[in-house]
Amino acid sequence: MLRKRKEKEMTSKKNKTNEIANEKKIAITVKDLHIAYKGLQKISIRAHLLKLKPIKKDVFEAVRGVSFEIEEGKILGIIGRNGSGKSTMLRAIAGIFSADKGTINLHHNTVSLLSIGVGFNKKLTGYENIYLSGMLLGFSEEEIKNKEKEIIEFADIGDFIYKPVKMYSSGMYSKLAFAITAILETDIMLIDEVLSVGDTQFKKKSYDKMRELISDDKRTVIIVSHSTPTLLELCDEVLWLDSGKVKMQGDPKTVLETYEKEMNG
Amino acid sequence: MKLFFSNIKKYYRYAIRSAKAELKSEISESYLNWLWWIIEPLSFMLIYTFVFTVVFHSSETYFSIFVFIGLTCWEFFNRMITGSVRLIANNRDLVTKVYIPKYILLLSKSFTYLFKMFISFALAILLMVLYQVPFSPTMFYFFLIVPVLYVVSFGFGLILMHFGVFIDDLKNLTNIGLRLVFYLSGVFYNIGDRLKGTLKYVLLRGNPIAFVMSEMRKVMLYATQPSFEGLIVWFVIGILLCVIGIHIIHKNENSYAKVI
Numbered sequence: 105m106l107r108k109r110k111e112k113e114m115t116s117k118k119n120k121t122n123e124i125a126n127e128k129k130i131a132i133t134v135k136d137l138h139i140a141y142k143g144l145q146k147i148s149i150r151a152h153l154l155k156l157k158p159i160k161k162d163v164f165e166a167v168r169g170v171s172f173e174i175e176e177g178k179i180l181g182i183i184g185r186n187g188s189g190k191s192t193m194l195r196a197i198a199g200i201f202s203a204d205k206g207t208i209n210l211h212h213n214t215v216s217l218l219s220i221g222v223g224f225n226k227k228l229t230g231y232e233n234i235y236l237s238g239m240l241l242g243f244s245e246e247e248i249k250n251k252e253k254e255i256i257e258f259a260d261i262g263d264f265i266y267k268p269v270k271m272y273s274s275g276m277y278s279k280l281a282f283a284i285t286a287i288l289e290t291d292i293m294l295i296d297e298v299l300s301v302g303d304t305q306f307k308k309k310s311y312d313k314m315r316e317l318i319s320d321d322k323r324t325v326i327i328v329s330h331s332t333p334t335l336l337e338l339c340d341e342v343l344w345l346d347s348g349k350v351k352m353q354g355d356p357k358t359v360l361e362t363y364e365k366e367m368n369g
Numbered sequence: 003m004k005l006f007f008s009n010i011k012k013y014y015r016y017a018i019r020s021a022k023a024e025l026k027s028e029i030s031e032s033y034l035n036w037l038w039w040i041i042e043p044l045s046f047m048l049i050y051t052f053v054f055t056v057v058f059h060s061s062e063t064y065f066s067i068f069v070f071i072g073l074t075c076w077e078f079f080n081r082m083i084t085g086s087v088r089l090i091a092n093n094r095d096l097v098t099k100v101y102i103p104k105y106i107l108l109l110s111k112s113f114t115y116l117f118k119m120f121i122s123f124a125l126a127i128l129l130m131v132l133y134q135v136p137f138s139p140t141m142f143y144f145f146l147i148v149p150v151l152y153v154v155s156f157g158f159g160l161i162l163m164h165f166g167v168f169i170d171d172l173k174n175l176t177n178i179g180l181r182l183v184f185y186l187s188g189v190f191y192n193i194g195d196r197l198k199g200t201l202k203y204v205l206l207r208g209n210p211i212a213f214v215m216s217e218m219r220k221v222m223l224y225a226t227q228p229s230f231e232g233l234i235v236w237f238v239i240g241i242l243l244c245v246i247g248i249h250i251i252h253k254n255e256n257s258y259a260k261v262i
């Protein structure tokens, strides 16, 4: 772990010098990405025995041939209808799904997916979950210990932090999840519709924190959202996905305007 | 295989931490908390001892401890198998949100089961003192037998964990299978005495749990040497199962999130 960190520091130093040399550094490269849900449904043995014919394979391609690149420090917004493959693609970038075709290159950056819950074990306390989630994001116990106070403070859920997560309200759950990913900073943050988390006060706090995180010019961010105002305000670039394909990509204003027009028209 | 070891190195702290947290959460909500780890195996032992000495007139020497050792080995295997079948689905929240090598989940679970098994064995030794079973140096072969049990259970667990993701009814099947193995393993009878001929040979040699159980009793209760070749054979089979399981999981683990 330690060695890895060191290596990372070394590469980031190297990157800095590189940056001066060519000003641009790519953080994520996605090439011709295809992701399909096929033949992977659960099998019931009874159904298998009763119908001796092979199980019909439903192939559903959620992402079909998406390619894009993001420079380090940029914020990419992804917009599109429900079921257009946005979340699937985010998960693939986070390494949870495997791509059926095509490649995703993260250029050795650490990545975290922030989508209402980092993956909590509901039986355990919020406190334990901070550590477990943090460790899964690639941090060591010491690093988390150093940030523990900050996370608890930011989550602002009082004594509930020492209670099992299953007792949390959905608001508290998201607050803690947001706090963990926001304070334990990874190089790439993938955000799936979380800007509307918690009560008004927390919403404002998380929005401010988001802006702070995003404004860090080393951090690359991908935001999936249905809210055009948010994307318009935060993003450097917007990608419009439509049934698994890139429909439009470019400057937020132009893309979002066309998107709005088509949605309403 | 190299990937496996680097993953273990990277995630073993996580596995330990999560196992500890799980044990803690298990007891934090009950009145008798950690006492259950002792009460549970002891009560099972008492039930079986009652049924088989009073009702069936069994006459093994040190019958309670005989049952207890068998039960302890059995419980570990049983927990590993039942635990692994639904493991991925039970960790849905985790699996769909963050990448984790899936065998780390099983590893972490196995730590909690190991912990319970060691408590059980500590109790067994306590019982041996109570019943004045003579201690012998062969007891140290315990440390040879446990790894065999672990590797075999882990191997089966890995493979079942993979198929458990796709096959919903696997849970029911393994329950039936486990019940069969339970009665064929000689938890409360001595296969060596009760059965004869090929059946005895097949059951003792072909069933890893029966084998481990009888070896464990040999070294703990009867001060005899274990069958080394048997241990080696099962250890190798266990390692092979693990290698196959790890291979399958590496190949498929990123598809799990799509199914559950």
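Residue numbers (the working numbering), protein chains in the order written: chain A, 105 to 369; chain B, 3 to 262. We treat Cβ as the ideally placed atom computed from N, Cα and C, and that holds for glycine. Being a predicted model, the structure only gives us computed values, none of them experimental.
7 Å CB neighbourhood of Ser364/A in its chain, flanking five on each side removed: As written in the sequence, residue 364/A is Glu, which differs from the Ser given in the question. Cβ neighbours of Glu364/A beyond the five flanking positions: Thr332.
Three-pair Cβ contact test at 8 Å for the stretch 189-201 of chain A versus the stretch 351-362 of chain A: no
Those runs of the beta strand (DSSP E) which lie wholly inside the stretch 76-136 of chain B and span at least 3 residues: none
Distance CB(Ala21/B)-CB(Thr98/B) smaller than 7 Å: no
Any chain A beta carbon closer than 7 Å to Asn9/B: no
Pair within 7 Å by beta-carbon distance, Leu294/A and Gly206/A: no
Three-way DSSP call (helix, strand, coil) for Asp195/B in this model: helix
Candidates Glu255/B, Tyr258/B, Val261/B, His249/B, of which the one nearest Lys4/B by Cα: His249/B
Three-way DSSP call (helix, strand, coil) for Trp36/B in this model: coil
is_contact[Glu247/A, chain B] using C-beta, thresh 7 Å: Glu247/A does not count as touching chain B.
Own chain partners of Ile40/B with C-beta closer than 6 Å, once the 5 adjacent residues on each side are dropped: Within the same chain, and ignoring the five residues on either side of Ile40/B in sequence, no residue has its Cβ closer than 6 Å to its Cβ.
Residues that Val100/B contacts on chain A, provided the C-beta gap is smaller than 8 Å: Per Cβ cutoff of 8 Å: Ala198, Ile200, Ser216, Leu217, Val222, Gly223, Ser237, Leu240, Leu241.
7 Å Cβ cutoff, Lys227/A in contact with chain B: yes
Beta-carbon spacing of Phe158/B, Cys244/B below 7 Å: no
Ser171/A beta carbon less than 7 Å from that of Lys135/A: yes
Against chain B: residues of the stretch 250-269 of chain A by CB proximity under 8 Å: Pro268
Opening and closing residue of the beta strand (DSSP E) in which Lys77/A lies: No answer is possible for residue 77/A: the residues shown for chain A start at 105 and end at 369.
Range of the contiguous alpha helix (DSSP H) that encloses Val183/B: Annotation for Val183/B: the continuous alpha helix (DSSP H) segment containing it runs 172-186.
Continuous alpha helix (DSSP H) assignments of at least 4 residues falling wholly in the stretch 168-205 of chain A: 190-198
Of the residues Leu206/B, Tyr13/B, Leu175/B, the one placed nearest Leu186/B, counting alpha carbons only: Leu206/B
Rounded C-alpha distance that separates Leu109/B from Val214/B: 21 Å
Phe65/B to Ser32/B span [Cα, whole Å]: 31 Å
For Gly354/A, the residue or residues it bridges with in DSSP: Val342/A
Chain-ordered neighbours of Arg195/A on chain B, where CB pairs are closer than 8 Å: Neighbours of Arg195/A on chain B, chain order: Thr98, Ala259.
C-beta neighbour in chain B for Glu165/A, strict 7 Å: no
CB contact below 7 Å: Ala21/B versus chain A: no
Beta-carbon separation (whole angstroms), Leu218/A vs Asp296/A, contact threshold 8 Å: 7 Å
Short CB-CB distance (under 7 Å) between Asn256/B and chain A: So, interface residue.
Distance, Leu360/A Cα to Leu335/A Cα: 8 Å
Residue-level contact to chain A via CB, Ser27/B, 7 Å cutoff: yes
Distance between beta carbons of Leu162/B and Asn80/B, contact taken as under 8 Å: With 8 Å as the limit, Asn80/B and Leu162/B do not qualify as a contact, their Cβ atoms being about 12 Å apart.
Straight-line gap, Glu252/A to Thr229/A (C-alpha atoms, nearest Å): 14 Å
Cutoff 7 Å: Tyr16/B Cβ touching any chain A Cβ: yes
Rounded straight-line distance, which links the Cα of Thr358/A to that of Gly184/A: 15 Å
Residue environment, Thr74/B, which counts as buried when at least 16 other CB atoms sit within 10 Å: So Thr74/B ends up on the buried side.
For Asn209/B, the nearest candidate out of Tyr224/B, Val150/B, Asn256/B, Lys26/B (CA to CA): Val150/B
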